[in-house]
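Undergrad:
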Amino acid sequence: MIKFFKFLAFVPAAAAALECHPEGPILPRPRNLTQAKTLQAAVSNLTGSLDAAFSGKIRGGWDIRNVSLSIGLVGLEQAEPSIPLWEYHHLASGNVNGTKSLDRNSQYLIGSISKVISDAILLRSGLNLDDAITEYLHSLADESSLISWEDITLRQLSSQLAGIPPNFGFSEYYYIKEYFEALGFPHLNDSAYRECGIIGLNGGCSEEQLLSGLLKTYPIAAPQSRPVYSNIAFTLFTLALSAKANLSYAQLLGTVTTPLNMTSTLPSPGADSLAVIPPVANSWGADYGFNAPGGGLVSTLSDLSAFLHAILSRSATLGLTATQINEWLQPRAFTGSRSSFVGAPWEIFRPEPELLFPGYDVASGQGGHTVTVFAKDGAAYGYRARIALLDEYGVGLVLLTAGDADALTSVFDAALSVLVPALEGAAREEGKREYVGAFAGKSTRETGEVEVNASVALDGASLRLIGLARNGTDILESLGELWAATVGEFLPSIETTGVYRLYPTGIFRESVLADGRKVLEEDWRLSPDLLLNSDTELPGKGISGNDCLDWTLVDWMYYGSEPVDRFVFVKDVGTGSVLGLDLPFLRTRRMGKAPVG
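Read in order, the letters of the sequence shown correspond to residues -16 to -1, 1 to 581 in mature numbering (1 follows the signal peptide of the UniProt record, and there is no 0).
1. Quick one: complete alpha helix (DSSP H) runs, 4+ long, within the region 379 to 452?
2. Would you check if the distance between the CB atom of Pro262 and the CB atom of Ala76 is smaller than 8 Å?
3. Taking the beta carbon of Lys502 as the centre, do at least 16 other beta carbons fall within 10 Å, making it buried, or is it exposed?
4. Check Phe169 in the structure and name its three-state DSSP category.
5. Note down, in chain order, each residue of its chain lying with its Cβ closer than 7 Å to the Cβ of Thr118, except the 5 sequence neighbours on either side.
6. Who are the near neighbours of Arg571 in its chain, counting only those whose CB is closer than 6 Å to its CB and skipping five residues on each side?
7. Buried or exposed: Glu331, going by 16 or more other Cβ atoms within 10 Å of its Cβ?
8. Helix, strand or coil, according to DSSP, for Ser54 in the structure here?
9. Which two residues bound the contiguous beta strand (DSSP E) that contains Leu504?
10. Quick check on this structure: which residue in Leu60, Ile94, Leu57 has the alpha carbon closest to the alpha carbon of Tyr365?
11. Touch check for the region 282 to 293 and the region 81 to 92: three-plus C-beta pairs under 8 Å?
12. Under a three-way DSSP split, which group does Gly254 fall into?
13. If you measure between the beta carbons of Val58 and Ser289, is that distance less than 8 Å?
14. Tell me the DSSP bridge mates of Tyr345?
15. Going by other Cβ atoms of all chains shown within 10 Å of its Cβ, with 16 needed for buried, is Thr385 buried or exposed?
16. Going by alpha carbons, who is nearest to Glu191 out of Phe274, Ala317, Ala398, Val27?
17. With 16 as the cutoff for other CB atoms within 10 Å, does Ser511 come out buried or exposed?
18. Report the residue from Leu340, Tyr272, Thr242, Thr247 whose alpha carbon sits nearest the alpha carbon of Gly303.
19. Where does Phe169 land, buried or exposed, given buried means 16+ other C-beta within 10 angstroms?
20. Taking a contact to mean a Cβ-Cβ separation below 8 Å, would you say Val440 touches Val420 in this structure?
21. Please report the straight-line C-alpha distance between Pro488 and Ser446, rounded to a whole angstrom.
22. Report the residue from Ser561, Ile55, Ser33 whose alpha carbon sits nearest the alpha carbon of Ala372.
23. Identify the residues that DSSP records as bridge partners of Phe492: which are they?
24. Which of the three DSSP states is assigned to Ile48 in this structure?
25. Quick one: any contact between the region 542 to 562 and the region 26 to 43, if contact means 3 or more CB pairs under 8 Å?
26. What is the residue span of the beta strand (DSSP E) that Val562 lies within?
27. For Val496, is the classification buried or exposed, using 16 other Cβ atoms within 10 angstroms of its Cβ as the cut-off for buried?
28. Among Tyr233, Leu244, Leu522, which residue has its Cα nearest to the Cα of Ile295?
29. Hey, quick one: how far does the beta strand (DSSP E) through Ser283 stretch, first residue to last?
30. For the pair the region 9 to 27 and the region 399 to 414, tell me if three or more CB-CB distances fall below 8 Å.
31. Taking the alpha carbon of Ala234 as the point to measure from, which residue in Leu563, Thr249, Ser214, Gly187 has its own alpha carbon closest?
32. Does Ile491 pass the burial test, meaning 16 or more other C-beta atoms within 10 Å, or should it be called exposed?
33. Where does Gln308 land, buried or exposed, given buried means 16+ other C-beta within 10 angstroms?
34. Write down the C-beta distance between Asn215 and Gly279 rounded to the nearest angstrom, noting that I regard them as a contact closer than 8 Å.
35. With H, G and I counted as helix, E and B as strand and the rest as coil, what does DSSP make of Thr118?
36. How would you label Phe553, buried or exposed, when you count the other beta carbons within 10 angstroms and need 16 or more for buried?
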């Protein structure tokens, strides 16, 4: 589907084109990670690096006497949802309280990772997410309120788009009032403070006090205009759920944790005997009250592994359909950075490819690609945690730390830098083994059958269709001419790079061959590159070269009711091995595969 125009040698545009690909996997998720030598070497490397940091042989960036850590790699192939493919634990020498034997069942405070679990509760509740919060919490529908609660929906609350403050009461520290005054702030009487929730002055808020106080709280932004981090947003929609279902938050939590056997995921406080309690100031044992949905849960590596496994596998035990989970992982807002986005409540991060792939070439775009990380951070005094999904590879990471907040970033970055190239390597090894090769078969016509041949290769970016011929005619060249003669008359021109890339769609169907074998029909699509740098002397040439619009060009040209960009690999259901290739638009019968070296 390439239109044959003069190729403009504009390197930045070429690199941008190779980075402009359909969102999701470049190659199918690797099926045999436990056997992948690249991953085995990577986890051995990461284990050695962590051992060296905790032993003081290399500088980790944290006080090794205080930091305890649990990290796990979650994958679709693990024997049990709660047992990661790989895990690593370290109990700080300074720990004197809590568990004396750190493992995947040890408990940590997980802070705002609680928000992801609370969102799962909301998503499976069946409530209309576009309902205003005032439909459930009627006292917020007060004309005197500084915030227009009638305009704020459950969906906005769950995805940091309500524009409301992060906290109510908490984050004001009465016990250092004199310190404020010493720094030049005016003296205040106690009556100037809220009646509840002020650390060092009064107790936690009741539901009535919270809702009444929120009527006097300033908005931060208009709803849906930009993300504003909020803990109380999760308190509010949980109160709405509780009002609707007549259940406490702990009971609502069970709707997610019980089916997944997450027995150690519960509102703080947890069990001291299982706890990782750091030898620094910490909030272990605190009762978070109404704040638990946004940041007050206790959990374990085992439980969070089961949770991520359910998301990765689109498991029905989570109480959500695959489509609902797909929607859950979509971004909801920008952050002001080209690399970061906000989800519900995912903190979505897309590192520059050159930071993840040592062989990435910025000029050509070869040797790697943009990887999307669906993460959620959590923090409590003395604790920091993160979960992350690398959905395109079918894996996730759980990282739980206690003792020094700085440890998490260093360890997480180390894990990404070591694991992502290994996962990509495993996907590429499997892709080369299964998809690369020559395919041959027959195509029907009125006078009989003719030979069809296709060749598929793998370069540093993706699978490529490097040859397609029917009865001696070069179909690739024909597609270019047909594009120009049909939709090319009103759609943008196509880059003549000579590269025809194939990308998986995630669409599968099971069928049965004549010999009774079950097969999986796997749809792929041919992807063209837009020609966005025309031969112009106007200023600004090249700006649109970074605009990824190739996704708009799928399924535009048909022949006899069949899309000409649809390619169907036929795979054995059990082994995943590619058996052949179907080209419905050429009316081929199953084209057999002859692998090439």
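Beta carbons are placed, not taken as given, at the ideal position from N, Cα and C, and that holds for glycine. Owing to the predicted nature of the structure, the values given are computational and were not obtained by experimental measurement.
TA: Well, looking at it:
1. Taking only runs of at least 4 residues, the alpha helix (DSSP H) segments lying wholly in the region 379 to 452 are 390 to 419.
2. By one-based count along the sequence shown, residue 262 stands at place 278. By one-based count along the sequence shown, residue 76 stands at place 92. A contact, by the Cβ cut-off of 8 Å.
3. The count along the sequence shown starts at 1 and reaches residue 502 at position 518. Under the 10 Å beta carbon count, Lys502 is surrounded by fewer than 16 other beta carbons and is classified as exposed.
4. If you number the sequence shown from 1, residue 169 lands on position 185. Of the three classes helix, strand and coil, the one that applies to Phe169 here is coil, per DSSP.
5. Counting from one through the sequence shown, the residue named residue 118 turns up at place 134. Only Leu124, Ala125, Trp133, Glu134 meet the Cβ criterion.
6. Here residue 571 refers to the residue found at position 587 of the sequence shown. Contacts found: Ser427, Thr428.
7. One-based indexing of the sequence shown puts residue 331 at position 347. With 16 or more Cβ atoms within 10 Å of its Cβ, Glu331 is classed as buried.
8. As a first step, residue 54 is located in the sequence shown; it is residue number 70 there, counting from the start. The DSSP-derived three-state label of Ser54 is strand.
9. In the sequence shown, counting from the first residue as 1, residue 504 sits at position 520. DSSP places Leu504 in the uninterrupted beta strand (DSSP E) bounded by 502 to 511.
10. As a position in the sequence shown, residue 365 is number 381, starting the count at 1. Measuring from the Cα of Tyr365, the nearest candidate turns out to be Ile94.
11. Here the region 282 to 293 makes contact with the region 81 to 92; the two share three or more CB pairs at distances below 8 Å.
12. Along the sequence shown, one-based indexing puts residue 254 at 270. Note: Gly254 maps to coil in three-state DSSP.
13. In the sequence shown, residue 58 corresponds to position 74, counting from 1. In the sequence shown, residue 289 corresponds to position 305, counting from 1. In contact: Val58 and Ser289 (Cβ atoms closer than 8 Å).
14. Within the sequence shown, the letter at position 361 stands for residue 345. Sequence inspection shows Asp at residue 345; the Tyr mentioned does not correspond to that position. In DSSP, Asp345 forms no bridge with anything.
15. As a position in the sequence shown, residue 385 is number 401, starting the count at 1. Classified as buried, Thr385 has 16 or more neighbouring CB atoms from the shown chains inside 10 Å of its CB.
16. Within the sequence shown, the letter at position 207 stands for residue 191. Closest in alpha carbon position to Glu191, among Phe274, Ala317, Ala398, Val27, is Phe274.
17. Here residue 511 refers to the residue found at position 527 when the sequence shown is read from its first residue. With a 10 Å radius around the Cβ and a threshold of 16 neighbouring Cβ atoms, Ser511 comes out buried.
18. One-based indexing of the sequence shown puts residue 303 at position 319. Of the candidates Leu340, Tyr272, Thr242, Thr247, the one whose C-alpha sits nearest the C-alpha of Gly303 is Thr242.
19. Here residue 169 refers to the residue found at position 185 of the sequence shown. So Phe169 ends up on the exposed side.
20. Position 456 of the sequence shown, counting from 1, holds the residue named residue 440. Position 436 of the sequence shown, counting from 1, holds the residue named residue 420. Yes, the pair counts as a contact, with Cβ atoms nearer than the cut-off.
21. Residue mapping note: residue 488 aligns to position 504 of the sequence shown, counting from 1. Residue mapping note: residue 446 aligns to position 462 of the sequence shown, counting from 1. Straight-line measurement puts the Cα of Ser446 at about 10 Å from the Cα of Pro488.
22. Your numbering for residue 372 matches position 388 in the sequence shown. Measuring from the Cα of Ala372, the nearest candidate turns out to be Ile55.
23. As a first step, residue 492 must be located in the sequence shown, where it is residue number 508. For Phe492, which the question treats as bridged, DSSP gives the partners Glu506.
24. For the purposes of this step, residue 48 is taken as residue 64 along the sequence shown, with counting starting at 1. DSSP, reduced to helix, strand and coil, places Ile48 outside both helices and strands of the structure shown, so it counts as coil.
25. No, because fewer than three Cβ pairs between the region 542 to 562 and the region 26 to 43 fall closer than 8 Å, the two stretches do not touch.
26. Reading the sequence shown from its first residue, position 578 is the one you call residue 562. That run of the beta strand (DSSP E) goes 562 to 566.
27. As a working note, residue 496 is residue 512 in the sequence shown. Label assigned to Val496: exposed.
28. Your numbering for residue 295 matches position 311 in the sequence shown. Looking from the CA of Ile295, the closest CA among Tyr233, Leu244, Leu522 belongs to Leu244.
29. In the sequence shown, the residue the question calls residue 283 occupies position 299. Counted as a single uninterrupted DSSP element, the beta strand (DSSP E) harbouring Ser283 occupies residues 281 to 283.
30. A contact exists between the region 9 to 27 and the region 399 to 414.
31. Sequence index remark: in the sequence shown, residue 234 carries index 250 (1-based). In terms of Cα proximity to Ala234, the closest of Leu563, Thr249, Ser214, Gly187 is Thr249.
32. Sequence index remark: in the sequence shown, residue 491 carries index 507 (1-based). That one is exposed.
33. Here the question's residue 308 lines up with position 324 in the sequence shown. Flag for Gln308 reads exposed.
34. Your numbering for residue 215 matches position 231 in the sequence shown. Your numbering for residue 279 matches position 295 in the sequence shown. The pair is a contact, with the Cβ atoms about 6 Å apart (cut-off 8 Å).
35. Working through the sequence shown from its first residue, we reach residue 118 at position 134. Here Thr118 sits in helix by DSSP.
36. Taking the first residue of the sequence shown as position 1, residue 553 is located at position 569. So Phe553 counts as buried.
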